[in-house]
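As they're listed, the protein sequences go chains A and B.
Note that our numbering gives residue 185 to position 156 of the first sequence, counting from 1, and the numbers run on in steps of one.
Note that our numbering gives residue 198 to position 197 of the second sequence, counting from 1, and the numbers run on in steps of one.
C-beta atoms are modelled at their ideal positions from N, C-alpha and C, and glycine is treated no differently.
For clarity, every value in this text was computed on a predicted model and none was experimentally measured.
Below: one structure, written as structure tokens.
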Amino acid sequence: MKEVPDTVVCPGCDAVYSRTPLEPCDVARCPRCGTELDRHLGSQQQRILPLTVASLIMFAIANLFPIVEIELRGLRSQTTLAGAVVVLSAEGMSPVALLVLATTILFPLLQLCILAYLLVPLSRQYRPVGFALLVRAMQSLRPWGMIEVFLLGVLVAIVKLSSMATVVPGPALWAFVALTVTLTAVLSFNPGAFWEMTFRPAGGKEEEASA
Amino acid sequence: MRLFPFPRRQESPQADDDVFDDDAPVPTAASLGLMACPHCAAVWRDAQQGDACGRCGTHLHPRKPQSLTRTWALLIAACIMYIPANLLPVMITRTLFGAQYDTILSGVIYFWVSGAYGLAAIVFIASFLVPLFKLAVLFLLVVLAQRGSTWRRRERAKLYHIIEVIGRWSMLDVFVVSLLTGLVQIQGFAVITAGVGIAAFGAVVVLTMLASLSFDPKLTWDSPGAQAAGRNFENREEQTA
């Protein structure tokens, strides 16, 4: 088994291309099936760590404070995301509760933590323990984090309630809006690029060290 | 930017993406005896099926293993769950005036009647049309891939991209119901509980997402001959296992 360097196989249709360096802002698409093959990283590499940290802060605010508060004839009720999950599981809807917990809390948090864990040592040109496993986990988690869908869900719920009660948006709602923006920027980063980042400059050094 | 097909097309660059000939033979990894790692995209020569990628350790397969069988299974399960998801109530509102049972579509109708047309459209598209569209498209893709059809392969690839992007948005209703359940717990006045329908609906979304993940888009582009070879490969693997 030998590695074929500078070659790209289209994940959408199996066509083989030779890799050519991309210009900034370039996106390479397979001419046969339209799948994105590669994307120029640009200055994303420097922005990604600060954005991850910002996302983690927003994530904390979004989950610690109530999202919305309703007032109905003097009676108030409010909830956080975790609170909604708890109520769902108490009602015997634990599969749904688990699904909501995973897609809106667990997976996004895991993605952000893995990203931070991988990015911090990377700026010093070494690979943290469990690098391969974590990059693969990042890639598998990618379709399952659904913060932006949840935000739309919150807005729909607010409109739905506004006819029957007074709805007061909580601080977490604004945090969710900010989180959606930063998370979109963070997760547009393809985890596959980790392999390119570390292998080219640091790969040779590592082999020398192990030899 | 242009990536030239490797190795022959290099001297005759494709001028325009749109004039790409669909049926022209293109050098593929399968025909060149290469295998690409699905995770880190490293390309290997002389690799055997099931070998670990030398860079990240993922098992290499020329196509996703048992792709069509798995996709069929998940697709059929999703179709079955689609029925209770639309017929059973997803949300139960108990107020002083009695209980109200809402299905997915009655929620849409409620928005429409109360004049929130935009919102009615969003919920209708995300909760009703998107899952239906996904099921139909996956069905089409799997059947055509199974027959080794070369019919409109470019459009089929595009459809696959579309369902990959829009699939997650059908979770909208699950989140709406979850949030309302958590929020409206004013005992005696108004209590919203989640209905069984929402569990079935969540199952449809997860199952269709898993189905589209297990479908290998490369199967769309395999010529009938190459696919038969792949199937033989799978059979042989089964026999040895």
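Contact with chain B by residue i, beta-carbon distance below 8 Å
{"i": "A/Leu181", "result": "yes"}
{"i": "A/Ile99", "result": "yes"}
{"i": "A/Pro172", "result": "yes"}
{"i": "A/Glu236", "result": "Any reading at A/Glu236 must be qualified, since the residue scores a pLDDT of 42, below 50, and its modelled position is unreliable; the value itself is stated next. No, because no Cβ of chain B sits closer than 8 Å to the Cβ of A/Glu236."}
{"i": "A/Ala91", "result": "no"}
{"i": "A/Gly41", "result": "yes"}
{"i": "A/Gly233", "result": "Summary for A/Gly233: the model assigns pLDDT 43, below 50, so the residue's position carries little reliability, and this model does not support an answer."}
{"i": "A/Ser106", "result": "yes"}
{"i": "A/Val188", "result": "yes"}
{"i": "A/Val37", "result": "yes"}
{"i": "A/Gln168", "result": "yes"}
{"i": "A/Val206", "result": "no"}
{"i": "A/Ser292", "result": "Look at the range of chain A in this structure, 30 to 240, and you will see that residue 292 of chain A is not part of it."}
{"i": "A/Met175", "result": "yes"}
Sheet register partners of residue i (DSSP bridge)
{"i": "A/Glu32", "result": "B/Trp45"}
{"i": "A/Pro198", "result": "A/Val97"}
{"i": "B/Ala100", "result": "B/Arg95"}
{"i": "A/Thr106", "result": "Sequence check: residue 106 of chain A is Ser here, not Thr. Answer is A/Ile99."}
{"i": "B/Thr29", "result": "A/Ala44"}
{"i": "B/His60", "result": "B/Ala53"}
For residue i, three-class secondary structure by DSSP
{"i": "A/Ala126", "result": "helix"}
{"i": "B/Val177", "result": "helix"}
{"i": "B/Glu239", "result": "In this prediction, B/Glu239 scores a pLDDT of 47, lower than 50, which makes its location untrustworthy; no coordinate-derived value is stated."}
{"i": "A/Glu225", "result": "helix"}
{"i": "A/Leu70", "result": "coil"}
{"i": "B/Gln1", "result": "Nothing about residue 1 of chain B can be reported from this structure: the residues present for chain B run from 2 to 242 only."}
{"i": "B/Met172", "result": "helix"}
{"i": "A/Gln140", "result": "helix"}
{"i": "A/Leu147", "result": "helix"}
{"i": "A/Glu177", "result": "helix"}
{"i": "A/Glu65", "result": "strand"}
{"i": "A/Pro220", "result": "coil"}
{"i": "B/Ser213", "result": "helix"}
{"i": "B/Asn233", "result": "For B/Asn233, the predicted structure reports a pLDDT of 45, less than 50, and the residue's modelled location is therefore unreliable. A value from the coordinates is still provided. In this structure, B/Asn233 counts as helix in the three-state DSSP scheme."}
{"i": "B/Gly149", "result": "coil"}
{"i": "B/Ser13", "result": "Any reading at B/Ser13 needs caution, since the residue's pLDDT is 37, under 50, leaving its predicted position unreliable; the model's value is listed next. Three-state result, B/Ser13: coil."}
{"i": "B/Gly183", "result": "helix"}
{"i": "A/Gln168", "result": "helix"}
{"i": "A/Gly159", "result": "coil"}
{"i": "A/Met193", "result": "coil"}
{"i": "B/Ala135", "result": "Inspection of the sequence shows that residue 135 of chain B is occupied by Lys rather than by Ala. Of the three classes helix, strand and coil, the one that applies to B/Lys135 here is helix, per DSSP."}
{"i": "B/Ala117", "result": "coil"}
is_contact[residue i, chain A] using C-beta, thresh 8 Å
{"i": "B/Ser107", "result": "no"}
{"i": "B/Pro28", "result": "yes"}
{"i": "B/Ser215", "result": "no"}
{"i": "B/Trp152", "result": "no"}
{"i": "B/Ser68", "result": "no"}
{"i": "B/Trp222", "result": "yes"}
{"i": "B/Ile187", "result": "yes"}
{"i": "B/Lys135", "result": "no"}
{"i": "B/Gly58", "result": "yes"}
{"i": "B/Lys65", "result": "no"}
{"i": "B/Ala200", "result": "yes"}
{"i": "B/Val131", "result": "no"}
{"i": "B/Leu244", "result": "As displayed, chain B neither begins before 2 nor continues past 242, which places residue 244 of chain B out of reach and without an answer."}
{"i": "B/Gly149", "result": "no"}
{"i": "B/Asp18", "result": "Note that B/Asp18 scores 45 on pLDDT, short of 50, meaning its location in the model is unreliable and no value can be drawn from it."}
Boundaries of the beta strand (DSSP E) in which residue i is found, first to last residue
{"i": "B/Thr94", "result": "Met92 to Thr96"}
{"i": "B/Ile193", "result": "Ala191 to Ala195"}
{"i": "B/Ala37", "result": "Leu35 to Ala37"}
C-beta contact flag for residue i and residue j at 8 Å
{"i": "B/Ile93", "j": "B/Gly196", "result": "yes"}
{"i": "A/Ala204", "j": "A/Met87", "result": "yes"}
{"i": "A/Ser106", "j": "A/Ile96", "result": "no"}
{"i": "A/Arg165", "j": "B/Cys57", "result": "yes"}
{"i": "A/Ala201", "j": "A/Phe94", "result": "yes"}
{"i": "B/Thr209", "j": "B/Leu120", "result": "no"}
{"i": "B/Gly183", "j": "A/Leu139", "result": "no"}
{"i": "B/Gly168", "j": "B/Val91", "result": "no"}
{"i": "B/Phe176", "j": "B/Ala86", "result": "no"}
{"i": "A/Val188", "j": "B/Ala117", "result": "yes"}
{"i": "A/Val196", "j": "B/Ala30", "result": "no"}
{"i": "B/Ala191", "j": "B/Thr70", "result": "no"}
Terminal residues of the alpha helix (DSSP H) in which residue i lies
{"i": "B/Leu88", "result": "Ser68 to Leu88"}
{"i": "B/Thr221", "result": "Lys219 to Trp222"}
{"i": "A/Val56", "result": "Counting along the chain, A/Val56 falls outside any alpha helix (DSSP H), though it belongs to the beta strand (DSSP E) covering Val56 to Arg58."}
{"i": "A/Leu51", "result": "Segment: none, A/Leu51 is in no alpha helix (DSSP H) and carries neither H nor E."}
{"i": "B/Val114", "result": "Ile105 to Val114"}
{"i": "A/Glu120", "result": "Unbroken run through A/Glu120: none, as it is neither H nor E."}
{"i": "A/Arg153", "result": "Where A/Arg153 is concerned, there is no enclosing alpha helix (DSSP H), given that its DSSP letter is neither H nor E."}
{"i": "B/Lys65", "result": "Per DSSP, B/Lys65 belongs to no alpha helix (DSSP H) and is neither H nor E."}
{"i": "B/Leu160", "result": "Arg154 to Ile167"}
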